[in-house]
Amino acid sequence: MTTRISIVSCIVATSLAAAMFSTKSPTLLADGLKCDMTQYKATTGLTAAMDQDVLVVSWSGQTGSELRARFAIDKSQPVVRDLAVRKQGGQWATLGQNLLPEYHVVSGLRRMSSDHVGSLPAAGIPLTPEVVAKNRWFAFHDAPLEVPGVSGTQMPPLPRKPEEIRRADATFNVTGCGVKTDGARLEVNFPGLSMGIFAGSLQFTVYRGSNLLRMDAIAKTEEPFVAYKYDAGLKGFSTDVMPRVIWRDTADGPQQYQFGGVRNETMVPLKARNRVLVAEGKAGSVATFPAPHKFFWAREIHKNLGYVWYRKDSDKQFGMGVRQAEHEESTLRGEIDDFALYNAPPGTLQHM
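For the sequence shown, counting from 1, position 123 maps to 123 in my numbering; every step adds exactly one.
Okay, structure coming up:
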C-alpha cells in the first residue's frame, strides 16, 4: 500500500511497509513554542494541538491513511520535529526527523523591454516616468540575471551591472506560530523569516483528504523593480531510513542515486520528468516537487532546466527540494535574453 504526503515547494510521498520506525525524536535544545490558536477550529480528520513545546498537526489523507507533522523551534528556527504516516489505526512510520527548511533567493532589476519602448510611442503613449514604471512589470524580453546583456532599447538602458544581482539565504528569528483552519485546510505560520531584501514568514499547509504538506516562504520587499528566483527544500533526512533517491528522466527512463561516496558541496539538480524526485526507503518514501503552473514564468523555449535537487550533506543526512535555474540553456541570443524571473512589486506578498 502506498501513502502520499506532499509538501509544495517540497513534496513528501510516503509508502508503508512492514518495518516501522520509532516516532521518538533525538533530544535537541529546543526553544519554547507558543502558538496562537484563535483562528483554529477542530474538525474531523484535521486537528492541531500543543504537546508541551511541540505543535502536533494530524490529518486524514488518501485511501485510509493518517498523517502527522510535529513542529517546534530550535535556536529561533522552525523545525519539523517529525513527519510520519500510518494506515488508519496502525503504527506510525516516521519518515523524517528534525527537518530544517532552507531557502535561497537571487534577485535582479526589472527593466521595460524594447518592444514596449517602440510600441508605446507608436500608439501615441509618451514614455513618461509613470508609463515606464508601470510597463516594467509587463516585460517578457528581459533577463535580469544575464550580465551584462546585449545593449538595446530597454529602460533603464543596458548593460546590466553585477551589483544589480543580490543573493541571500533565509534566516529565522521565530518565537511562535499561528494556526488557522480554512475549510479543509490547516495553516501553520511562523513569522520571523528574513531573506536579504525579503522579509515575512514560513508557512506549512495541510489538506484533509490528501497527503499534501505545502511549504511556503511568504515574504515581501520594499525595494523597487525587483525580479527574482528561488530554491527551497528540507534538509536532515536520514540516509539510513531512505538510502536512495529515484526519478524518471526526460525520456521517461528510470534513474536512481544510492547515497554513498563524498558529500555534495552544492545542490545536485535533476532534469526529472514531471518535476518529481522521490527519496525511497523500506518503510516509506518522500517525494518533492514544485507547485504546477505558478512555479514557471513565460519563456521563449520550454526546456527542462532541472527543477528538483538533492544534496548529500553528510554520511547520514541529505536534503532535497525544488529550484529554478538562473539562465536559459541556449546559445541563441533571442532565447537567452528572454528569462524574465518573477515580479516582486514593493509591498506585495510573494509565495516561494
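Backbone N, C-alpha and C define an ideal beta-carbon position, used for all residues, glycine too.
Three-state secondary structure assigned by DSSP to residue i
i, result
"residue 116", "helix"
"residue 220", "strand"
"residue 346", "coil"
"residue 135", "helix"
"residue 122", "helix"
"residue 191", "strand"
"residue 68", "strand"
"residue 98", "strand"
"residue 254", "strand"
"residue 176", "strand"
"residue 301", "coil"
"residue 165", "coil"
Same chain, Cβ closer than 7 Å to residue i, five either side skipped, listed in chain order
i, result
"residue 297", "340, 341 and 342"
"residue 221", "197, 198, 344 and 346"
"residue 115", "141"
"residue 304", "250 and 271"
"residue 41", "181"
"residue 329", "303 and 305"
C-alpha distance - residue i paired with residue j, whole-angstrom precision
i, j, result
"residue 335", "residue 78", "40 Å"
"residue 348", "residue 184", "26 Å"
"residue 217", "residue 283", "30 Å"
"residue 228", "residue 195", "12 Å"
"residue 248", "residue 276", "8 Å"
"residue 43", "residue 128", "55 Å"
"residue 238", "residue 316", "6 Å"
"residue 233", "residue 97", "14 Å"
"residue 320", "residue 93", "20 Å"
"residue 103", "residue 215", "11 Å"
"residue 285", "residue 308", "16 Å"
"residue 289", "residue 352", "13 Å"
Cβ separation of residue i and residue j, assumed to be a contact under 8 Å, to the nearest whole Å
i, j, result
"residue 71", "residue 54", "7 Å"
"residue 83", "residue 69", "5 Å"
"residue 278", "residue 245", "7 Å"
"residue 281", "residue 100", "That belief does not hold up - the Cβ atoms of residue 281 and residue 100 are roughly 19 Å apart, past 8 Å."
Burial state of residue i (16 or more Cβ within 10 Å)
i, result
"residue 125", "exposed"
"residue 133", "exposed"
"residue 173", "exposed"
"residue 122", "exposed"
"residue 333", "exposed"
"residue 337", "buried"
"residue 89", "exposed"
"residue 324", "buried"
"residue 231", "buried"
"residue 76", "exposed"
"residue 154", "buried"
Cβ-based neighbour list, residue i, same chain, cut-off 6 Å, excluding 5 preceding and 5 following
i, result
"residue 178", "36 and 189"
"residue 166", "107 and 196"
"residue 191", "201"
"residue 255", "247 and 249"
Beta-carbon contacts of residue i that lie in its chain and below 8 Å, excluding the five residues immediately before and after
i, result
"residue 327", "143, 145, 146, 336 and 339"
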